[in-house]
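S.K.: Here you go, one structure.
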Amino acid sequence: MNTRYRPVVMLHGPRLSAAALFAGFNDRIVLALGLTQTIGYGTLYYAYGVLAPAISREFGVGIDWFFGAFTVGLLLGGLVAPVVGRELDRRGARQVMSVGSLAAAIGLVACAIAPNIWVFSIAGVFMEAAACLVLYEAAFAGLTQIYRHEARRGITLITLIAGFASTIFWPLTQWMLGALDWRWTLLIFAVVHVAICFPLHVVVLGLAKPVVAATTATTLGEPPPVLVGGARRRALAFYTSAIVIAGLVTSAFPVHMLRSIENEGFTAEAAALIAMVMGPAQVLARLIEVLAGHRCDSLMTGRVARGALAACIALLLATPGSLATAVAFAALYGAAQGMITIARGTVPLQLFGPQGYGTLVGRITGLRFLVNAGSPFLFALAMAHLSIDTALWVSCAIALVAFALFLLLKAPKPA
């Protein structure tokens with residue numbers, strides 16, 4: 001690998017400080033992918049909920065129609081993700097993410113000019129499937145192809161930057177909706193993908209080449225060990241199960257977070273204010289990972305994340321009606337989400353190495369999408385026919401199982 005482009009942010013040392021954080025933002029690859037991830041999540045994910053009421057009114061359908069189409073999009077994404085992963089390993093992230101930017105733009109344009117709800121829904125499903133080509137897992141694969149075993153800090157930094165996607169795009173989309181309308185908003189988002197994301201993916205991912213060798217040198221000398229044989233198969237089973245099981249909770253909670261807080265005796269307005277803690281907590285958790293991640297491995301990040309997920313639900317259930325508890329619940333959940341995203345990119349790298357990274361992560365992502373697509377509906381069903389507390393207890397138990405599976409994972413040891 002050409003080491004002339006190896007940035008300061010990828011270097012490790014015993015005295016890592018805030019200087020390492022700012023050094024990371026000197027890396028044009030990290031900055032560019034952080035920007036494209038922010039745009040990707042903002043336009044393809046967070047804007048959806050803001051625009052849904054206006055679109056439903058124009059087409060004369062209920063908002064539930066849109067969330068149904070979103071679920072179908074996730075299911076299609078589950079089928080597309082393994083193919084995307086194989087193409088990432090075969091062609092490299094530059095080609096896949098560049099094509100993805102154009103595909104996302106086409107999907108946005110198709111939604112914007114849709115004459116009826118049927119065409120809009122089909123275009124929306126295509127758009128969500130195209131998102132698999134440009135969002136986190138693809139970007140993680142790109143960083144792994146460039147930095148190999150040293151990609152962890154870059155992965156953390158782009159999640160830190162993209163953590164502001166909701167903070168930026170929720171109010172921005174609302175403003176655009178008021179100043180223009182939903183069709184022009186989607187058309188402008190499409191232009192942004194073509195004018196900003198596409199050229200950035202073409203330019204900065206030139207070094208993202210498929211990893212064809214099992215061993216690649218690092219700045220520290222010999223590459224770290226990876227799991228092989230039976231140990232690899234066991235770890236893969238534990239890791240995949242943990243990701244899919246935890247996803248049952250993390251896929252349902254963003255949809256039902258406000259109602260879960262309201263169930264503790266708070267008004268809808270108070271619940272919305274409490275839930276706002278999630279965003280800053282998510283960013284803070286990622287910032288801590290950037291500054292202190294060298295003190296522990298990626299497995300520890302994954303364990304803490306799953307432990308925090310179970311703890312936040314148990315805390316809410318154990319002390320109902322407490323404002324402090326509700327705020328702590330939202331903060332812990334935000335921190336867990338922030339760390340889970342990082343772990344999804346870094347744990348496979350630590351356990352299995354950079355070779356075949358895209359294919360492996362693509363398969364796991366596909367399974368996660370397929371299994372987790374219905375979890376918001378199942379959570380709503382449990383709330384309706386049992387109770388919100390029962391749904392939360394089940395979610396806590398599921399999170400504990402994911403935590404236990406992560407405890408079974410062991411880091412590779414030198415031969």
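Taking the numbering used here, the leading residue of the sequence shown gets 1, the next gets one more, and so forth.
Ideal Cβ placement from N, Cα and C applies to all residues, glycine included.
What you are looking at is a predicted structure, and each value in this text was computed from that prediction instead of being measured.
Going by other Cβ atoms of all chains shown within 10 Å of its Cβ, with 16 needed for buried, is H385 buried or exposed?
M.R.: Numbered from 1 along the sequence shown, position 385 holds the residue referred to as residue 385. Burial call: exposed.
S.K.: Is it true that the CB of Q145 sits closer than 8 Å to the CB of A420?
M.R.: In this structure the chain extends from 1 to 415, so residue 420 is not present and cannot be described.
S.K.: Can you name, in chain order, every residue of its own chain whose Cβ lies under 7 Å from the Cβ of T325, other than the five neighbours on each side?
M.R.: Numbered from its first residue, the sequence shown carries residue 325 at position 325. Hits under 7 Å: L315, L316 and T319.
S.K.: Under the rule that 16 or more other beta-carbon atoms within 10 Å means buried, what is G73, buried or exposed?
M.R.: For the purposes of this step, residue 73 is taken as the residue at position 73 of the sequence shown. Flag for G73 reads buried.
S.K.: In its own chain, which residues sit with a C-beta less than 7 Å from the C-beta of A391, not counting the 5 before and 5 after it?
M.R.: Working through the sequence shown from its first residue, we reach residue 391 at position 391. F379, A382 and M383.
S.K.: Is the separation between the beta-carbon of P367 and that of G62 shorter than 8 Å?
M.R.: Counting from one through the sequence shown, the residue named residue 367 turns up at place 367. Counting from one through the sequence shown, the residue named residue 62 turns up at place 62. The sequence given here has Leu at residue 367, not Pro. Cβ distance not < 8 Å, so L367 and G62 don't count as in contact.
S.K.: By the three-class DSSP mapping on this structure, what secondary structure does I113 have?
M.R.: Numbered from its first residue, the sequence shown carries residue 113 at position 113. Here I113 sits in coil by DSSP.
S.K.: Using the Cα positions of I398 and A246, report the straight-line distance between them to the nearest angstrom.
M.R.: For this step, residue 398 is matched to residue 398 along the sequence shown. For this step, residue 246 is matched to residue 246 along the sequence shown. Near 7 Å, if we compare the C-alpha coordinates of A246 and I398.
S.K.: Which same chain residues, not among the five before or five after A114, have their C-beta less than 8 Å away from its C-beta?
M.R.: Numbered from its first residue, the sequence shown carries residue 114 at position 114. F120 and A123.
S.K.: In three-state DSSP terms, what is L351?
M.R.: Here residue 351 refers to the residue found at position 351 of the sequence shown. Of the three classes helix, strand and coil, the one that applies to L351 here is helix, per DSSP.
S.K.: Starting from the C-beta of V191, find all residues in its chain whose C-beta is less than 8 Å away, skip the five residues before and the five after it, and write them out in chain order.
M.R.: On the sequence shown, position 191 is the one that residue 191 refers to. Result list for V191: A105, in chain order.
S.K.: Please work out which residues of its chain come closer than 6 Å, Cβ to Cβ, to T216, disregarding the five sequence neighbours upstream and downstream, and give them in chain order.
M.R.: Translated into the one-based positions of the sequence shown, residue 216 becomes position 216. With a pLDDT of 49 at T216, under the threshold of 50, the predicted position of this residue should be treated as unreliable, though the coordinate-derived value follows. So the list reads R148 and P223, once near-sequence residues are dropped.
S.K.: Ignore the nearest five residues each way along the sequence and tell me which others in L135's own chain have a CB closer than 6 Å to its CB.
M.R.: By 1-based counting over the sequence shown, the position of residue 135 is 135. Cβ within range, chain order: G40.
S.K.: Check each candidate in I342, A69, V203 and Y46 and name the one with the smallest Cα separation from S56.
M.R.: To locate residue 56, count along the sequence shown from 1; it is residue 56. Per the Cα distances, A69.
S.K.: Would you mind stating whether G362 and R86 have Cβ atoms separated by less than 8 Å?
M.R.: Along the sequence shown, read from residue 1 onward, the residue named residue 362 stands at position 362. Along the sequence shown, read from residue 1 onward, the residue named residue 86 stands at position 86. Yes.
S.K.: Contact check, G42 vs I196 under 8 Å by CB: the rounded distance?
M.R.: The residue given as residue 42 occupies position 42 in the sequence shown. The residue given as residue 196 occupies position 196 in the sequence shown. Not confirmed; about 12 Å, so no contact.
S.K.: Thinking just about the alpha-carbon of each residue, which of G334, C296, T301 and V249 is nearest to the one in A281?
M.R.: Taking the sequence shown and counting its residues from 1, the one referred to as residue 281 is at position 281. The option with the nearest alpha carbon to A281 is G334.
S.K.: In the structure shown, what three-state DSSP assignment does R15 receive?
M.R.: The residue given as residue 15 occupies position 15 in the sequence shown. Caution applies to R15, whose pLDDT of 42 falls short of 50 and renders its modelled position unreliable; the value that the coordinates give is listed next. Residue state, collapsed to three classes: coil.
S.K.: Rounded to a whole number of angstroms, what is the C-alpha to C-alpha distance between T36 and A138?
M.R.: Counted from its first residue, the sequence shown places residue 36 at position 36. Counted from its first residue, the sequence shown places residue 138 at position 138. The straight-line gap from Cα to Cα measures roughly 11 Å.
S.K.: Measure the alpha-carbon distance for L220 versus A310 and round it to whole angstroms.
M.R.: Counted from its first residue, the sequence shown places residue 220 at position 220. Counted from its first residue, the sequence shown places residue 310 at position 310. Low per-residue confidence applies at L220: pLDDT is 47, beneath 50, and the placement is therefore not dependable, though the value from the model is reported in the following sentence. Each residue's alpha carbon lies about 37 Å from the other.
S.K.: Only counting the same chain, and skipping five residues up and downstream in sequence, which positions put a Cβ closer than 6 Å to that of T365?
M.R.: Position 365 of the sequence shown holds residue 365. The answer, listed in chain order, is A81 and E137.
S.K.: Determine the contact status of V84 and L33, defining contact as a CB-CB distance below 8 Å.
M.R.: Within the sequence shown, residue 84 is the residue found at index 84, counting from 1. Within the sequence shown, residue 33 is the residue found at index 33, counting from 1. In this structure, L33 does not lie closer than 8 Å to V84 by Cβ.
S.K.: In this structure, how does DSSP classify E137 when only helix, strand and coil are distinguished?
M.R.: By one-based count along the sequence shown, residue 137 stands at place 137. In the structure shown, E137 sits in a helix (DSSP, three-state: H, G or I).
S.K.: Alpha carbons only, please: which of I342, G60, G154 and A411 is nearest the one belonging to R306?
M.R.: Along the sequence shown, read from residue 1 onward, the residue named residue 306 stands at position 306. Residue I342 is the option with its Cα nearest to R306.
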